[in-house]
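Student:
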Amino acid sequence: MAGLLDLLAGPQAQPAKQQLGQQFGLSEDMTQQAMAALIPALAAGLKSNAGKQGGVESLLEALNKGTHARYLDEPGLLGRPETRDDGNSILGHLLGSKEVSREVASRAAQKTGLGDDLLKQMLPVVATMVMGSLAKKSEEPDTLSMLAGMLGGGQSAAPKQSGGLGGLLGGLLGGGRQKQAPKNDGLGMLGALFDADRDGSAMDDIFELVMKRRG
Numbered sequence: 011m012a013g014l015l016d017l018l019a020g021p022q023a024q025p026a027k028q029q030l031g032q033q034f035g036l037s038e039d040m041t042q043q044a045m046a047a048l049i050p051a052l053a054a055g056l057k058s059n060a061g062k063q064g065g066v067e068s069l070l071e072a073l074n075k076g077t078h079a080r081y082l083d084e085p086g087l088l089g090r091p092e093t094r095d096d097g098n099s100i101l102g103h104l105l106g107s108k109e110v111s112r113e114v115a116s117r118a119a120q121k122t123g124l125g126d127d128l129l130k131q132m133l134p135v136v137a138t139m140v141m142g143s144l145a146k147k148s149e150e151p152d153t154l155s156m157l158a159g160m161l162g163g164g165q166s167a168a169p170k171q172s173g174g175l176g177g178l179l180g181g182l183l184g185g186g187r188q189k190q191a192p193k194n195d196g197l198g199m200l201g202a203l204f205d206a207d208r209d210g211s212a213m214d215d216i217f218e219l220v221m222k223r224r225g
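The opening position of the sequence shown corresponds to residue 11 in the numbering used here, with each subsequent residue numbered one higher.
1. Just confirm the distance between the C-beta atoms of Val140 and Leu88, as a whole number of angstroms; I'd bet it's less than 8 Å.
2. Could you check if Ser116 is buried or exposed, using at least 16 other CB atoms within 10 Å of its CB as the buried criterion?
3. Which stretch, first to last residue, makes up the alpha helix (DSSP H) that contains Gly31?
4. For Ala79, which residues in the same chain have their Cβ closer than 7 Å to its Cβ, ignoring the five residues on either side in sequence?
5. For Thr77 and Asp83, I'd like the C-alpha separation in whole angstroms.
6. Tell me whether Thr77 sits in a helix, a strand or coil according to DSSP, three-state version.
7. When you compare only the Cα positions, how much space is there between Pro21 and Lys27?
8. Going by DSSP in three states, Lys62 sits in which element: helix, strand or coil?
9. Would Leu17 and Leu52 be called neighbours here (beta carbons separated by less than 9 Å)?
10. Less than 8 Å between C-beta atoms, sequence neighbours within five positions excluded: which residues of the same chain meet that for Gly31?
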């Protein structure tokens, strides 16, 4: 399964990536480097949250709100103050504190040579793009099947697309047949999705930092 970087490398995300680069005065190559340095931390936060009791359900509910996909559909939104506010809210859920966000930006700066302040400003915008890519991915039947299996104890068939994520939640959470997802480095296929660069680690040092700060 594709990781987050792969999702944001797809054609659906290209206009948003171009907007991001223009917004922060970066070339296409530097925009890609900045995203590659920031996204593993967001992937680690997603992995941490999804591994908690009720975490997958909470993710489904967040995606079901239907607002995140617009950041890829309408890239001009990325420059708006309300988008930055939404991104900071996402960071609060994923990373747990501003201290972690600062550390993520600092490490990304060391990796890319870009300034800390620039990357701090980019981080909430990139967070909205990550959630947008997940919202898009959640519309695909294979993703619904994966999440259905996790929540429903291994169901093999995906719910009909017409029911959307709300139908998936209603059918599975009301059925009383739930098993806790295995904790083998995360969550199987969902863990693979949250492994930003598909190296099997999801940037372990950042993951440990997120876990420590969220405590």
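Virtual Cβ for every residue (Gly too), placed ideally from N, Cα, C.
Tutor: Checking against the coordinates, here is how it stands:
1. Contact flag wrong, Cβ pair sits at about 12 Å.
2. exposed
3. 24–34
4. Gly142, Ala145, Lys146
5. 10 Å
6. coil
7. 10 Å
8. coil
9. no
10. Ser37, Glu38, Met40, Thr41
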